[in-house]
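The listed protein sequences correspond, in order, to chains A and B. Residues 21 to 130 in my numbering are what the first sequence spells out, letter by letter. Residues 20 to 133 in my numbering are what the second sequence spells out, letter by letter. Quick reminder that beta carbons are idealized off the backbone N, C-alpha and C, glycines included. These notes are about the structure you will find just below.
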Amino acid sequence: QKEVEQDPGPLSVPEGAIVSLNCTYSNSAFQYFMWYRQYSRKGPELLMYTYSSGNKEDGRFTAQVDKSSKYISLFIRDSQPSDSATYLCAIVGSNYKLTFGKGTLLTVNP
Amino acid sequence: DSGVTQTPKHLITATGQRVTLRCSPRSGDLSVYWYQQSLDQGLQFLIHYYNGEERAKGNILERFSAQQFPDLHSELNLSSLELGDSALYFCASSPGISGHNEQFFGPGTRLTVL
Chain A
21 QKEVEQDPGP LSVPEGAIVS LNCTYSNSAF QYFMWYRQYS RKGPELLMYT YSSGNKEDGR
81 FTAQVDKSSK YISLFIRDSQ PSDSATYLCA IVGSNYKLTF GKGTLLTVNP
Chain B
20 DSGVTQTPKH LITATGQRVT LRCSPRSGDL SVYWYQQSLD QGLQFLIHYY NGEERAKGNI
80 LERFSAQQFP DLHSELNLSS LELGDSALYF CASSPGISGH NEQFFGPGTR LTVL
C-alpha cells in the first residue's frame with residue numbers, strides 16, 4: 021500500500037461548482053498535512069497547511085483532516101477558471117520527510 | 020515567483036551521459052530539497068540538505084548525487100542516464116531544517132534522455 025493515495029482525476033467542473041479533492045494515507049505517524057497547487061509548467065506552491073484533525077478555512081478553500089480515518093480533503097467553493105491546476109496533497113511524518121500524493125488535475129470551465 | 024531559481028530550464032541528452040542541475044535557494048533559506056516528478060510516480064523526494072550537510076535521503080538512485088555549497092546553492096548530479104530518468108526535477112528551499120516548514124519550489128528543470 022502506498023503511503024499516500026490520491027485520485028489523479030482528471031476532474032472537470034463548471035465555474036461556481038464546489039470541488040472536493042481527497043487523499044488517504046496509511047501511516048498514522050503522519051503529523052502535518054498540506055495541499056499544494058501546481059499550475060502547468062510551474063513548481064508547486066503551498067495552498068493550505070494543518071496539523072490537527074478538523075477543518076481549516078482560508079477564503080474559498082477549506083482543508084479537512086480526519087486522523088481516525090486517515091483521510092484528508094480540500095474543498096473549493098465557488099470554483100473559478102483560475103483554480104484550474106493540479107492539486108497535490110502532501111503529508112509530513114515523524115522524520116519530517118514530505119510525501120506527496122500523485123496529484124489531481126482540476127479544470128474549471130467558464 | 021518563489022525566489023528559487025533553477026538552471027537550465029530544459030536539458031536534452033543521451034543515455035549514458037552525465038548532467039548537472041543547479042539550484043539557488045531563496046535568500047536566507049538554509050534548506051534545499053530535490054524532487055523528481057514524473058507522470059507515473061508523481062512528485063518524489065530525493066534528498067535534503069541543510070546548511071551544507073545532508074539531512075535526509077529519499078528515493079534517490081546511487082547514480083544520482085547532490086551537494087550544497089557554502090553559498091547555499093545546490094547541484095544535483097545525474098550520471099549513467101537512462102530513458103527512465105526523463106522527468107521534471109524540482110528544487111525547493113525553506114528557512115528551517117524541518118520538512119513541515121513551507122517549501123518554496125523553483126520552476127524546475129525538464130530533463131529528456133534520448
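So the candidates are the options; which of them puts its Cα closest to the Cα of residue i?
i: serine 56 (chain B); options: B:Pro114, B:Leu133, B:Gly127, B:Leu107; result: Before going further, note that residue 56 (chain B) is glutamine rather than serine in the sequence given. Here the closest residue by C-alpha is B:Leu107.
i: aspartate 114 (chain B); options: B:Thr39, B:Pro126, B:Tyr52; result: Checking the sequence, you will find proline at residue 114 (chain B) rather than aspartate. Comparing Cα positions, the closest option is B:Tyr52.
i: asparagine 88 (chain B); options: B:Asn70, B:Ser99, B:Leu102; result: In the sequence on display, residue 88 (chain B) carries phenylalanine and not asparagine. It is B:Asn70.
i: isoleucine 111 (chain A); options: A:Gly63, A:Thr127, A:Tyr91; result: A:Tyr91
i: glutamine 100 (chain A); options: A:Gly63, A:Asn47, A:Pro130, A:Cys109; result: A:Pro130
i: serine 48 (chain A); options: A:Ser73, A:Leu94, A:Val128; result: A:Ser73
i: arginine 37 (chain B); options: B:Pro126, B:Gly125, B:Asn96, B:Tyr54; result: B:Asn96
i: glutamate 81 (chain B); options: B:Leu100, B:Arg74, B:Ser112, B:Glu72; result: B:Leu100
i: phenylalanine 83 (chain B); options: B:Glu72, B:Asp90, B:Tyr54, B:Arg74; result: B:Tyr54
i: aspartate 103 (chain A); options: A:Thr124, A:Lys76, A:Gly113; result: A:Thr124
Just list the residues that DSSP pairs residue i with in beta bridges.
i: lysine 76 (chain B); result: B:Ile66
i: glycine 61 (chain B); result: B:Ser57
i: asparagine 120 (chain B); result: Asparagine 120 (chain B) is not bridged to any residue.
i: alanine 49 (chain A); result: None, per the DSSP bridge assignment.
i: histidine 29 (chain B); result: B:Arg129
i: leucine 118 (chain A); result: A:Val112
i: aspartate 78 (chain A); result: A:Phe81
i: serine 93 (chain B); result: B:Cys42, B:Gln87
i: arginine 57 (chain A); result: A:Glu65, A:Tyr107
What distance in whole Å lies between the Cβ atoms of residue j and residue i, which are believed to be in contact at a cut-off of 8 Å?
i: serine 105 (chain B); j: threonine 131 (chain B); result: 5 Å
i: glycine 61 (chain B); j: lysine 62 (chain A); result: Rounded, the Cβ-Cβ distance is 16 Å, inconsistent with contact.
i: threonine 179 (chain B); j: glycine 125 (chain B); result: The structure shown does not extend to residue 179 (chain B), since chain B is modelled only from 20 through 133, so no value can be given for it.
Alpha carbon to alpha carbon, how far is residue j from residue i? Give it in angstroms, no decimals.
i: phenylalanine 50 (chain A); j: leucine 31 (chain A); result: 27 Å
i: glycine 29 (chain A); j: glutamate 35 (chain A); result: 17 Å
i: arginine 41 (chain B); j: lysine 87 (chain A); result: 38 Å
i: valine 85 (chain A); j: glutamine 26 (chain A); result: 14 Å
i: glycine 35 (chain B); j: serine 98 (chain B); result: 7 Å
i: leucine 30 (chain B); j: leucine 102 (chain B); result: 13 Å
i: tyrosine 107 (chain A); j: threonine 32 (chain B); result: 30 Å
i: alanine 37 (chain A); j: isoleucine 116 (chain B); result: 39 Å
i: isoleucine 79 (chain B); j: threonine 70 (chain A); result: 28 Å
i: valine 128 (chain A); j: aspartate 90 (chain B); result: 42 Å
i: serine 46 (chain A); j: leucine 67 (chain A); result: 23 Å
i: alanine 85 (chain B); j: tyrosine 68 (chain B); result: 9 Å
i: arginine 74 (chain B); j: serine 89 (chain A); result: 31 Å
i: glutamate 77 (chain A); j: glutamate 121 (chain B); result: 18 Å
Determine, using beta carbons only, whether residue i and residue j come nearer to each other than 9 Å.
i: tyrosine 52 (chain A); j: glutamate 65 (chain A); result: no
i: phenylalanine 120 (chain A); j: isoleucine 96 (chain A); result: no
i: leucine 58 (chain B); j: lysine 76 (chain B); result: no
i: serine 40 (chain A); j: alanine 105 (chain A); result: no
i: phenylalanine 123 (chain B); j: glycine 47 (chain B); result: no
i: histidine 92 (chain B); j: leucine 118 (chain A); result: no
i: proline 27 (chain B); j: cysteine 110 (chain B); result: no
i: valine 24 (chain A); j: cysteine 109 (chain A); result: yes
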